[in-house]
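In my numbering, the protein residues as written are 47 to 757.
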């Protein structure tokens, strides 16, 4: 639009060199240095033929700003110039402050409607070096074709085509045995696999070890997993990092005041967010990713695998396994669900599970979360597939109790091992094992009944429990020994010994903060602005100090469809007088996921404070619990029953009747809320002030996207 609107611009600026305010000085390299922020401006005449001005920049050097804040004002050419004025009080019109990035050419066009003398104010601190060569008025904005922008619009169009109530996908039932549908699933995963491969390869080629230190401050080394892998390859459990004598001899190195005094005395390095115990450095993050990814990479290449490469790979695996798990859940609770509803569920679960946050923030903090998401999804997928009628490779692979479906022992064991691996990633995910109790309750009830009646022996009855416990102990035993070797305790991971914002050996979460944090996790309202990215951080005040990470909203406000999880306990009804156990424990497992999700949100509020990444502990649990309600709202056949003696759904099988108006309205509502969640998650990546904000880490990309809205 700006290209067409500025075709008639004169392209004439009054002079090649702008008039500089007394608060700006030209350096030897041609850049500008701010000597007085109250008089830092560039001036040029504008004839009003274009509403845009262009900032000509130089390649920013190391000491130059990579983001510059500018504001354009106008005065009539006949009005005398107000030299030395502290503010543009003589301006007839003033535009809002705009930021530009020299490495984003599209962002260098300022919206500055007006005519007369245009004065562009440089709103930066005294001493700042600004890579501006000149400001041009009366410019034409060139035509721009952005592949990313067009791809996003095409993606939005595809979603509308796929999920609109009249889409053909609503008429095609899910068939997990169909070769065509399996190929379609592979095609859906292929773009994500390609992007993951590109990112991982790029990280392997160009990523370098990252360690930052400023005099008198902490040392920030974000390659914790790389150092841990190196230690393991050399047979150590402690990290090979320098330990200052003064820190080792300090009476209480965990005291913030003590560490501050040591830093002021020049003691270095003191590593931020590392565990320090008995004069040695440790990593308090789970060791399993180091064993599976970082150590093999170190052994094969001699280099240090970046955390970003590991997160990209693990998050792709998490996405793939959660998709497989979602398809298996949908097929069990709604056997004739449509492909449209299934695809909605595939998009819903990772969005509700806070996956976008981990993909965005690819540092070592995200590694254990992404690993646990992958292991947990794989473990639950194996457990849901354990109740199978497929012919076993060997008859001994099956375990059966009279009165309950038989189970595959290999799938039981592998699922248990995967979930137990969470003990070496994000230990809270080990609680996913509790979901196995309601899932296998039909088999547990049959086991107890058969033992009481004497219809089976103890050896046969305990085969399945023994497989589960034995498989879980395979990773648990070495992980417990690893903890004991480091800290003398099987259950100590090093959290209490980390050097962070407070003394973790003495800090306990204030009881007054627990309920507010729990409420923020789930219901923190979003805050909107009138300019890109339109989403701002929401305040989260607490009665007493505790760790808080800036958030844009609570889980249920980011993804309102998660509220359907509270319907899970009411969607599955059995006859009140029935005494037979259910044949499928999945409905009970999904209800248990809701309870466990609430418990995990409360636990994180008690033990960890308020952190955006901690939503990954329980977001996926609410997402699984919400699937029955989601399918019921979409009016999918079979979604209202999941037990043998329940009343059959009124449209189970057969030809589907015309879609009623209320169902069409419900599907439009679900589609709208899904778009809300997707858009919110994407815009939240650009929110200023959040940790690892794009405005600081990748200002060029931020301003490229900003220009879509500003221009």
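Every residue, glycine too, gets a C-beta built ideally from N, C-alpha and C.
Exposure of residue 64, with buried meaning 16 or more beta-carbon neighbours within 10 Å: buried
DSSP-derived helix/strand/coil call for residue 433: coil
Cβ-based neighbour list, residue 242, same chain, cut-off 6 Å, excluding 5 preceding and 5 following: 358 and 362
Burial state of residue 752, where buried means 16 or more other Cβ atoms lie within 10 Å: buried
Exposure of residue 280, with buried meaning 16 or more beta-carbon neighbours within 10 Å: exposed
Collapsed DSSP secondary structure at residue 72 in the structure displayed: strand
Neighbour-count burial assignment, residue 544, 16 or more Cβ in a 10 Å radius: buried
Through-space distance from residue 171 to residue 77, alpha-carbon basis: 15 Å
Cα-Cα separation between residue 267 and residue 315, rounded to whole angstroms: 10 Å
Length-filtered (4 minimum) alpha helix (DSSP H) runs lying within the stretch 576-604: 601-604
Length of the line joining the Cα atoms of residue 714 and residue 496: 50 Å
Nonlocal neighbours in the same chain, by C-beta distance under 8 Å from residue 130, ignoring five residues either side: Note that residue 130 scores a pLDDT of 44, beneath 50, so its modelled location is shaky and nothing firm can be said.
Cutoff 8 Å; reference residue 333; Cβ partners in own chain excluding five residues on either side: 274, 278, 470, 525 and 528
Rounded distance between the beta-carbons of residue 384 and residue 3, thought under 8 Å: Residue 3 cannot be examined here, being either before or after the span of the chain that is shown, 47 to 757.
Beta-carbon spacing of residue 331, residue 249 below 8 Å: no
Collapsed DSSP secondary structure at residue 384 in the structure displayed: strand
Distance between beta carbons of residue 294 and residue 26, contact taken as under 8 Å: Past the boundaries of the shown model lies residue 26; the chain is included only from 47 to 757, so the question cannot be answered.
Secondary structure, alpha helix (DSSP H): runs of 4+ residues fully inside the stretch 345-428: 353-379, 385-398 and 401-406
Residue 302 vs residue 548 beta-carbon contact at 8 Å: yes
Residue burial classification, residue 476 (beta-carbon count within 10 angstroms, cutoff 16): buried
Nearest-angstrom Cα separation, counted from residue 580 out to residue 325: 48 Å
Assigned exposure category for residue 731 - 16 Cβ within 10 Å defines buried: buried
Of the residues 412, 606, 601 and 563, the one placed nearest residue 593, counting alpha carbons only: 563
Same chain only: Cβ atoms within 6 Å of residue 746, ignoring 5 sequence neighbours per side: 147, 149 and 150
Own chain partners of residue 137 with C-beta closer than 8 Å, once the 5 adjacent residues on each side are dropped: Since pLDDT at residue 137 reaches only 42, below the 50 mark, its modelled position is unreliable, and the value read off the structure follows with that caveat. If we look at residue 137 and ignore the five residues flanking it on each side, its Cβ neighbours are 119, 120, 121 and 165.
For residue 191, three-class secondary structure by DSSP: coil
Spatially closest choice to residue 405 from 422, 364 and 230, by CA coordinates: 364
Residue environment, residue 700, which counts as buried when at least 16 other CB atoms sit within 10 Å: A caution first: residue 700 carries a pLDDT of 44, below 50, which makes its placement in the model too unreliable to give a value.
Closer than 8 Å to chain D by CB, residue 518: Going by chain labels, chain D is absent from the structure shown, which holds only one protein chain.
Which of helix, strand or coil DSSP assigns to residue 709: helix
Classification of residue 445 by the beta-carbon crowding that lies within 10 angstroms, buried from 16 upward: buried
Beta-carbon gap between residue 635 and residue 481 smaller than 8 Å: yes
Integer Cβ distance of residue 461 from residue 428, believed to fall under 8 Å: 4 Å
DSSP beta-bridge partners of residue 89: 65 and 165
Sub-8 Å separation of residue 465 and residue 434 beta-carbons: no
Same chain, Cβ closer than 6 Å to residue 573, neighbours up to 5 away in sequence not counted: 582 and 584
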